[in-house]
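These notes are about the structure you will find just below.
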């Protein structure tokens with residue numbers, strides 16, 4: 025089954041404790057991205073990757089890192105999480121950036137206390 | 030990418046057709062109209078997209094006006110499971126430089142009522 029898998033689904037952590045949210049897709053998609061969703065602000069892109077070793081900032085990249093060492097994986101790293109990074113996070117992938125449908129993961133609800 | 034305007038909310042009786050409008054008056058000739066939906070904090074789900082011809086798939090139909098300034102997503106027989114926020118997005122058909130992001134607006138919250 026074609027899917028984008030995020031882990032964990034829920035995470036509560038403390039300020040400053042490094043964490044990684046994993047994202048994996050099984051569709052051989054070139055393009056992957058991360059979004060965060062906050063009430064009243066909608067979905068905003070954090071980072072995206074057009075292919076292996078090619079990443080770039082989205083609208084809200086501050087406080088996040090990503091890497092794309094393999095085509096299927098695109099982890100989101102919070103080196104020093106802060107409470108303002110409490111949010112619902114989605115990973116997405118598509119065959120190419122603009123002209124095809126995107127597949128989204130089920131989301132990771134992160135709470136930073 | 031062109032901006033879109035959608036009503037904030039709509040109700041639809043179960044079993045009836047749900048018609049969700051979207052205005053995209055500044056759309057350019059190389060831009061597609063996409064529809065996604067998000068069911069209660071799940072990941073957004075692709076529904077359908079089109080350029081200028083009407084499109085239909087197993088989920089929905091997309092009607093685009095001749096001038097392409099507006100479109101309507103039609104769910105032919107709405108069920109309670111179709112209750113969701115529906116997003117209309119306009120995107121260039123071409124790959125190339127740019128952020129490749131999907132720009133989600135506020136969407137339309139569709140409530141299907143028993």
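Protein chains in written order, with the working numbering: chain A, 25 to 137; chain B, 30 to 143.
Backbone N, C-alpha and C define an ideal beta-carbon position, used for all residues, glycine too.
Handout entry: Contact belief for residue 89(B) with residue 68(B) at Cβ below 8 Å, rounded distance in angstroms
Key = That belief does not hold up - the Cβ atoms of residue 89(B) and residue 68(B) are roughly 14 Å apart, past 8 Å.
Exercise for the section: Consider the Cβ of residue 34(A): report whether some Cβ of chain B lies at a distance smaller than 9 Å. Expected result: no
Problem - Status (buried if at least 16 other CB within 10 Å, exposed otherwise) for residue 57(B) - result: exposed
Exercise for the section: Could you name the residues of the same chain whose beta carbon sits closer than 6 Å to that of residue 40(B), not counting the 5 residues immediately before and after it, in chain order? Expected result: 140 and 142
Practice task
Please state if the CB of residue 34(A) and the CB of residue 133(A) are separated by a distance shorter than 9 Å.
Solution key: yes
Handout entry: Neighbour list for residue 58(B) in chain A, Cβ cutoff strictly below 7 Å
Key = None at all; the shortest Cβ gap to chain A is about 15 Å.
Practice task
Reducing DSSP to helix, strand and coil, say where residue 108(A) ends up.
Solution key: helix
Problem - Separation of residue 96(A) from residue 78(B), as counted between CA atoms - result: 25 Å
Handout entry: Sub-9 Å separation of residue 45(B) and residue 107(B) beta-carbons
Key = yes
Practice task
Look at the alpha carbon of residue 102(B) and the alpha carbon of residue 81(A), and state the distance between them as a whole number of angstroms.
Solution key: 32 Å
Problem - Test item: CB-CB of residue 29(A) and residue 129(A) under 9 Å - result: yes
Practice task
Determine the direct distance from the alpha carbon of residue 41(A) to that of residue 118(A), and round the result to whole angstroms.
Solution key: 31 Å
Problem - Rounded C-alpha distance that separates residue 126(B) from residue 109(B) - result: Low confidence applies to residue 126(B): its pLDDT is 49, below 50, so where it sits in the model is not reliable, and the reading given next is rough at best. Straight-line Cα distance between these residues: approximately 41 Å.
Practice task
Below 7 Å CB to CB, which residues in the same chain sit around residue 85(A) once its five sequence neighbours on both sides are set aside?
Solution key: 70 and 71
Practice task
Give the DSSP-derived three-state secondary structure of residue 131(B) in the structure shown.
Solution key: coil
Handout entry: Burial state of residue 72(B), where buried means 16 or more other Cβ atoms lie within 10 Å
Key = buried
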